[in-house]
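*Asks:* In UniProt numbering, the protein residues as written are 1 to 923. Structure incoming, see below.
Here it is, written out as structure tokens:
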């Protein structure tokens, strides 16, 4: 038999696909489209490990299947190439981030091509390339030139708003804007100078400059997103992070909060991801009310969903970053408040939200006035209140909230039972407004929901508040004090931001002498020499965040070479949006939310045809590492085998899994692995050193990373692809075990053998297949089609194995069976199937061979293999048609050699036939 030389076969077909652009996608209205997309990777220096390709393999199987089904498939790949890791490396080495990024991408592309993905590499995009980020900057400019009109529920040109201001001021405007935007008339607008008009418009623009509380990391010299801060320190480097108010570019994502909520009902996404977005957006219906500060002109605004509890309020709490803290804190409390603020600013929002046990805070010395009963209540600061949620202040009702109760007990503050307080009010109030409107959640016998309009009317009548819908989600910070990111296409004139002309895009990153902030604290771009707009005006020195380029990249894949538009109208109207998107759930409230926001904005402008970017989302599970351990005896360089370690005092140490096979350590390789191991000694069991095992996250620090290149070299890309699918359901976490790959590799060898005779020649017959062969094939076609359609890839691999085993037993070599089997296996194992397809005489790639249609008539069970019992003991098995005549069955049974042997010349008394179950011969 000819050898299955997978290395040679795979290189051959990867070269063929590339040279012939087999997977080139062209907009073609004659075919239905299918757009399959992977979340594009950040190219790290470590390259891919075997966990990374899991989702890529799944989307590639679907892409190849859809091509075979007659779809025009767009299946691209690119790189999210801006980011902090490359910049940190540049700081350490002085090497430009573009150099390391290019090196890392080259490595990734090589690895991805080795696995045989059907990407259209002509469409590759890199977010760090100027011809790409030109369009990221262009989208930013459209956001700057737009506002959100609640009357039409969409973004509109800022010029429309200016016309309204000129005619009517902002009295009739219902738009997303800053909370403190003042009312003004048309005359007021006309009286404003250009700078005042520009500042007013910034209060409405969808991207704007404002003071914001951010995660500031002094060591990295940049703002960090919430998901980049873990345990109060930066995820990268472990540097301290503090909460700080800074002037930043913002994105008014809150304008789209309601639409982002509603849109979740229209997409096929995992429910946990949708729920994470719902919670992050956090819609609440309630009221906003003001508490006047005693002996001050300041007011503290709070948002509450339970205004009926106002008589249980015994203190107010401000976030430590609240802008009023400095204004209302009394002189004698300044020291304690400043000390607490300094401590609180080093805790991330995520920590503060999660920590329900720590009780801390400080009294400002100020008192607020409850507008309902005019009682004085103390004002504290505490970090369980977040500046970014609601108003950054809460009215504390300790009898109704656990954290408020804990705080009140800790600081010995009153705890008032609301019902008791209400009784007191009713006895003293008679005809007062308090007694008329408030009744602890009941108004004139009504429940809270019915009473809410009455309660809100009281606020409005007394000009102390209003009804309000609040969202937990805040506007997104859109600045990073970094070098390696998209420059913001803005310059400043008299402190007001102005956009570049579109013809001046892209604004490229300038050269700088180092990648650190300047000595005066400016971002790294402040180091650029003579970098000014028209040699006069200062550019924005912060760059865009990592999510900027990833919030629209799927459109660039549709039209990557277009220098006139981010995507052509006819092209986007053909591809429309992504049909299948595969990526991690960790991006639920980051990339996936921002992408939906930008997509809806582009839809509002009429630039794209769909409101949602991704129809179906699948979160692939993690492939976990299989760590191995050696056990060093205390105070020695001796290592004891796993089974003997209890006899010694030992310390477990991770060992490189690549020098372990079937948990047996390669002793010589271990000695060479690290210098300190050179003179290591071993206590063995049965002549071997057995390692310990634990399932953990795959990482370099645990030495359990398996390089896919090694697997491809040793067993082939097709083996890797099928094994990763075979591990278990796509969405689940599952442990990696290199030793388990042999079974898949043996399957591919058995499949190869079906096509060859013992002399290694292709030996495929044109004879008609038997019913058993047709049944085996068609049940496989049906199962594989159903599995791919429901993204259940692991069960397909099992089905292929069963089919090949059956065909091997049947000694099948018939074209009518093997050819369609090759086509349905091709999405999973594209290299071996291309080779065999060619051996079958085909000139074209198997990639576009029509997917076979299964035939129900071949699946009908019309025969049964009967166990033949003699006096109750099973002695033989015979297959009969279920409708075979009794006489025919009896005659065949009595002439069977095994039956004759066990009858031993005796005549049967009777033959009992139970159709479809058993035949019993009674002697």
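Glycine is no exception: its CB is placed at the ideal position from the N, C-alpha and C atoms.
Return the chain-ordered list of same chain residues with a C-beta closer than 6 Å to the C-beta of residue 13, the five sequence neighbours on each side being excluded.
*Replies:* So the list reads 831, 834, once near-sequence residues are dropped.
*Asks:* My understanding is that residue 367 touches residue 379, with C-beta atoms under 8 Å, so please give their C-beta distance in whole angstroms.
*Replies:* Going by Cβ atoms, the distance from residue 367 to residue 379 rounds to 7 Å, so yes, they are a contact pair.
*Asks:* In angstroms, rounded to a whole number, what distance separates the CA positions of residue 482 and residue 854?
*Replies:* If you take the alpha carbons of residue 482 and residue 854, they lie about 57 Å apart.
*Asks:* Under DSSP, the alpha helix (DSSP H) around residue 818 begins and ends at which residues?
*Replies:* 815-825 is the extent of the alpha helix (DSSP H) around residue 818.
*Asks:* Tell me the DSSP secondary structure of residue 747 in three-state form.
*Replies:* If DSSP states are grouped into helix, strand and coil, residue 747 belongs with the helices.
*Asks:* Leaving out five residues before and five after residue 127 in sequence, what residues of the same chain have Cβ atoms less than 6 Å from its Cβ?
*Replies:* The residues are 80, 81, 82, 549.
*Asks:* Suppose you measure from the CA of residue 339 to the CA of residue 315; what does that come to, to the nearest Å?
*Replies:* Computed Cα separation, rounded: 21 Å.
*Asks:* Run the CB neighbour count on residue 437, radius 10 Å, all protein chains shown included, and call it buried at 16 or more, exposed below.
*Replies:* With a pLDDT of only 39 at residue 437, under 50, the local geometry of the prediction cannot be trusted, and the value read off the model is given with reservation. Classification of residue 437: buried, given that the 10 Å Cβ count is 16 or more.
*Asks:* Going by C-alpha distance, which of 755, 804, 99, 233 is nearest residue 346?
*Replies:* When each option's Cα is compared against that of residue 346, the closest is 233.
*Asks:* Give the C-beta separation of residue 459 and residue 392 to the nearest angstrom, bearing in mind that I take them to be a contact with Cβ-Cβ under 8 Å.
*Replies:* Actually they do not touch by this definition, with Cβ atoms about 19 Å apart.
*Asks:* Within 9 Å (strictly less), CB to CB, does residue 814 reach chain B?
*Replies:* The structure shown contains no chain B, having only a single protein chain.
*Asks:* If you compare alpha carbons, which of 622, 629, 297, 911 is closest to residue 872?
*Replies:* Nearest of 622, 629, 297, 911 to residue 872, Cα basis: 911.
*Asks:* Less than 8 Å between C-beta atoms, sequence neighbours within five positions excluded: which residues of the same chain meet that for residue 6?
*Replies:* The answer, listed in chain order, is 715, 716, 717, 718, 719, 748, 831, 832.
*Asks:* If we ignore side chains and look at the alpha-carbon of each, how far apart do residue 812 and residue 802 end up?
*Replies:* Distance between the alpha carbons of residue 812 and residue 802 is about 14 Å.
*Asks:* Taking the alpha carbon of residue 682 as the reference point, which residue from 672, 33, 641 has its own alpha carbon closest?
*Replies:* It is 641.
*Asks:* Can you tell which of 169, 620, 244 has the C-alpha that lies nearest to the C-alpha of residue 730?
*Replies:* Residue 730 has its Cα closest to that of 620, out of 169, 620, 244.
*Asks:* Would you call residue 765 buried or exposed, if buried means 16 or more other Cβ atoms sit within 10 Å of its Cβ?
*Replies:* Classification for residue 765: exposed.
*Asks:* What residue range is occupied by the uninterrupted alpha helix (DSSP H) comprising residue 185?
*Replies:* Looking at the DSSP string, residue 185 is not in any alpha helix (DSSP H), and its letter there is neither H nor E.
*Asks:* Flag this pair as touching only if the region 850-869 and the region 773-784 have three or more C-beta atom pairs under 8 Å; answer yes or no.
*Replies:* Contact between the region 850-869 and the region 773-784 is present, because at least three Cβ pairs lie under 8 Å.
*Asks:* Taking C-alpha atoms, which residue in 204, 292, 591, 602 lies nearest to residue 180?
*Replies:* Nearest C-alpha to residue 180: 204.
*Asks:* Rounded to whole angstroms, how far is the Cβ of residue 397 from the Cβ of residue 330, which I believe are closer than 8 Å?
*Replies:* The pair is not a contact, with the Cβ atoms about 25 Å apart (cut-off 8 Å).
*Asks:* What number of angstroms, rounded off, separates the C-alpha of residue 653 from the C-alpha of residue 572?
*Replies:* So the two alpha carbons sit approximately 54 Å from each other.
*Asks:* Which whole-angstrom value is the C-beta distance of residue 566 and residue 138, which I expect to be below 8 Å?
*Replies:* Confirmed, Cβ separation roughly 6 Å.
*Asks:* Can you check which of these residues, 299, 332, 292, is closest to residue 375 by C-alpha distance?
*Replies:* Looking at the Cα atoms, 292 is the closest of the given residues.
*Asks:* Going by C-alpha to C-alpha distance, which of 417, 806, 259, 692 sits closest to residue 655?
*Replies:* Closest by alpha carbon: 692.
*Asks:* Taking the alpha carbon of residue 321 as the point to measure from, which residue in 271, 244, 285 has its own alpha carbon closest?
*Replies:* Checking every option, the nearest Cα to that of residue 321 belongs to 244.
*Asks:* First and last residue of the alpha helix (DSSP H) that includes residue 710?
*Replies:* Where residue 710 is concerned, the enclosing alpha helix (DSSP H) stretches over 708-715.
*Asks:* Please specify which runs of the alpha helix (DSSP H), each continuous and at least 4 residues long, are wholly inside the UniProt domain "Aminoacyl-tRNA synthetase class Ia" (12-154), giving them in chain order.
*Replies:* As far as the UniProt domain "Aminoacyl-tRNA synthetase class Ia" (12-154) is concerned, its whole alpha helix (DSSP H) runs of at least 4 residues are 53-68, 84-93, 97-114, 130-144.
*Asks:* To the nearest angstrom, how far is it from the Cα of residue 248 to the Cα of residue 827?
*Replies:* Approximately 48 Å between the Cα atoms of the pair.
*Asks:* Would you kindly work out how many angstroms separate the C-alpha atoms of residue 429 and residue 372, rounded to a whole number?
*Replies:* Because the pLDDT at residue 429 is just 38, under 50, the model does not fix this residue reliably, and the point stays unresolved.
*Asks:* Taking the straight line between their C-alpha atoms, what separation do you get for residue 328 and residue 524?
*Replies:* Distance between the alpha carbons of residue 328 and residue 524: 37 Å.
*Asks:* For residue 878, which of helix, strand or coil comes out of DSSP?
*Replies:* Strand at residue 878.
*Asks:* Which runs of the alpha helix (DSSP H), 4 residues or longer, sit entirely within the region 829-887?
*Replies:* Entirely contained in the region 829-887, the alpha helix (DSSP H) runs reaching 4 residues are, in chain order, 830-839.
*Asks:* Could you check the C-alpha separation between residue 198 and residue 344 for me, to the nearest Å?
*Replies:* The alpha-carbon atoms of residue 198 and residue 344 are separated by roughly 35 Å.
*Asks:* Short of 8 Å in beta carbon distance, which residues of its chain neighbour residue 794, apart from the five on each side in sequence? Order them along the chain.
*Replies:* 725, 726, 727, 728, 729, 730.
*Asks:* If the criterion is Cβ atoms closer than 9 Å, does the pair residue 750 and residue 804 meet it?
*Replies:* In contact: residue 750 and residue 804 (Cβ atoms closer than 9 Å).
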